[in-house]
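All the letters of the sequence shown, read from the start, carry residue numbers 20 to 279 under my numbering.
Built from N, CA and C at the ideal position, the CB exists for glycine as well.
All values reported here derive from a predicted model rather than from experimental measurement.
A short worksheet on the structure shown next.
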Amino acid sequence: MKNNPYILKKEVLPVFYNIEITPDFKELSFHGKEEIEINILKEINEITLNISELKISKASLKQTENYDVQKINYNEKYEMISFVFKNKLKKGKATLKLEYDGKISDKLKGRPLSFETKQKMKAARQNISLETRLKISRALKGKPKKRRKSPVISRPNKLETECINLFKENGLPLKFVGDYSEGFFIEGKIPDFVSTNNKKVLVEVFCDYYKVKQYGSVENYKTMRDNLFSKHGWKTLFFSDKDIKLKTEDCINKIKKEMN
20 MKNNPYILKK
30 EVLPVFYNIE
40 ITPDFKELSF
50 HGKEEIEINI
60 LKEINEITLN
70 ISELKISKAS
80 LKQTENYDVQ
90 KINYNEKYEM
100 ISFVFKNKLK
110 KGKATLKLEY
120 DGKISDKLKG
130 RPLSFETKQK
140 MKAARQNISL
150 ETRLKISRAL
160 KGKPKKRRKS
170 PVISRPNKLE
180 TECINLFKEN
190 GLPLKFVGDY
200 SEGFFIEGKI
210 PDFVSTNNKK
220 VLVEVFCDYY
230 KVKQYGSVEN
240 YKTMRDNLFS
250 KHGWKTLFFS
260 DKDIKLKTED
270 CINKIKKEMN
């Protein structure tokens with residue numbers, strides 16, 4: 020690997036890429052703007068990157084001061100580009116700013132990052148040594164991964180369990196379907212409870228905190244669910260955990276009114 024001409028010298032370490040691409044589909048071309056946060060490992064006056072079929076229009080480097088690019092050298096054979104600076108760059112963090120143009124095509128270019136390269140980038144972001152980063156990675160690699168719970172075996176949460184018992188104690192004809200087990204869907208959405216008599220009534224129970232986090236507000240959540248279910252002729256009743264706890268009788272009476 021030491022003599023591989025495609026491998027870049029270990030003088031500059033990329034840390035973070037910020038890329039903005041503006042395509043022109045009529046001309047099958049694109050214009051790109053890119054900022055690369057790098058860590059310069061030793062004093063140099065040249066930075067080399069991998070590149071393919073791009074034409075650089077602007078290039079500059081910012082460190083403690085701004086450095087203008089004196090010369091740009093393309094190496095098409097090995098798909099590289101070198102930016103030559105008049106003055107030597109100092110060791111430490113810097114930002115390389117580029118603008119370029121390219122052609123849109125169906126050709127696939129590029130090579131997957133090696134494991135070591137990925138760890139180098141992570142180490143730079145975390146401000147730790149590569150050796151430490153590799154130890155962490157290998158330690159984590161040996162740990163068993165947590166299995167994701169399948170939605171089809173989801174279980175009722177604490178609030179839903181309380182409501183299952185409450186509705187049963189009060190003889191309400193409601194069945195819990197929120198655990199996916201009944202296969203009850205309305206346009207891909209699953210309510211918590213569905214009526215088992217001849218009334219098309221749905222009951223949704225929720226905690227304010229999670230709905231605000233997911234929908235932005237409780238009202239947004241209610242409006243979206245109600246609009247969806249009402250299109251199919253369902254009446255939806257909403258009860259928060261506070262309603263169930265502090266206004267239990269009112270909740271039961273409201274459900275009974277809709278069921279009769």
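Considering only the alpha carbon of each residue, which of Asn37, Leu247, Lys141 and Ala113 lies closest to Lys208?
Leu247
Please list the segments of the beta strand (DSSP E) lying wholly inside the segment 46-83, counting only runs of 3 or more residues, in order along the chain.
48-59, 63-69 and 73-81
Indicate the three-state DSSP secondary structure (helix, strand or coil) for Asp262 in the structure shown.
helix
Give the range of the beta strand (DSSP E) segment to which Leu221 is assigned.
Val220 to Phe225
Just to confirm, is the Cβ distance from Ile59 to Leu108 under 9 Å?
yes
Pull up the CB-CB distance for Phe225 and Ser259, whole angstroms please, since I reckon it's below 8 Å.
6 Å
Rounded to the nearest angstrom, what separates Asn279 and Ile263 at their Cα positions?
21 Å
Assign Tyr93 to buried or exposed, taking buried as 16 or more other Cβ atoms, counted over all protein chains shown, within 10 Å of its Cβ.
exposed
Gly282: buried (16+ other C-beta within 10 angstroms of its C-beta) or exposed?
In the structure as shown, the chain starts at 20 and stops at 279, and residue 282 therefore has no counterpart that could be examined.
Could you check if Asp211 is buried or exposed, using at least 16 other CB atoms within 10 Å of its CB as the buried criterion?
buried
Hey, Lys112 and Ile55: beta-carbon distance below 9 Å or not?
no
Rounded separation between Thr267 and Lys241 - CA only
20 Å
Where does the unbroken alpha helix (DSSP H) through Thr180 begin, and where does it stop?
Lys177 to Glu188
Three-state secondary structure (DSSP) of Asn239
helix
Compute the distance between the beta-carbons of Glu223 and Thr255, then report whether it is under 9 Å.
yes
Taking Ile63 as the reference, give the member of Tyr86, Gln233, Ile70 and Tyr36 with the closest Cα.
Tyr86
Closest Cβ-Cβ distance between Glu179 and chain B: below 9 Å?
In the displayed structure, chain B is absent; only one protein chain is listed.
Determine, using beta carbons only, whether Tyr119 and Lys74 come nearer to each other than 9 Å.
yes
Could you spell out the range, first to last residue, of the alpha helix (DSSP H) harbouring Ile271?
Thr267 to Met278
Any idea what DSSP makes of Leu191, helix, strand or coil?
coil
Could you tell me how far apart the beta carbons of Leu115 and Ile38 are, in whole angstroms, since I believe they sit closer than 8 Å?
Not quite, the Cβ-Cβ distance comes to about 12 Å (not below 8 Å), so this is no contact.
Collapsed DSSP secondary structure at Thr1 in the structure displayed:
A question about residue 1 goes unanswered here, because the residues of the chain that appear run from 20 up to 279.
Since I believe Glu277 is in contact with Lys194 (beta carbons under 8 Å), could you give me their beta-carbon distance rounded to a whole number of angstroms?
Actually they are not in contact, since the Cβ atoms of Lys194 and Glu277 sit about 15 Å apart, beyond 8 Å.
From Ser79, Pro175, Ile205 and Leu47, pick the residue whose C-alpha is nearest to that of Ser101; which is it?
Ser79
Take the Cβ of Ile26 as the centre, count every other Cβ of all protein chains shown within 10 Å, and call the residue buried at 16 or more, exposed below.
exposed
Rounded C-alpha distance that separates Phe203 from Ser214
12 Å
Leu32 to Ser148, Cα distance in whole Å?
13 Å
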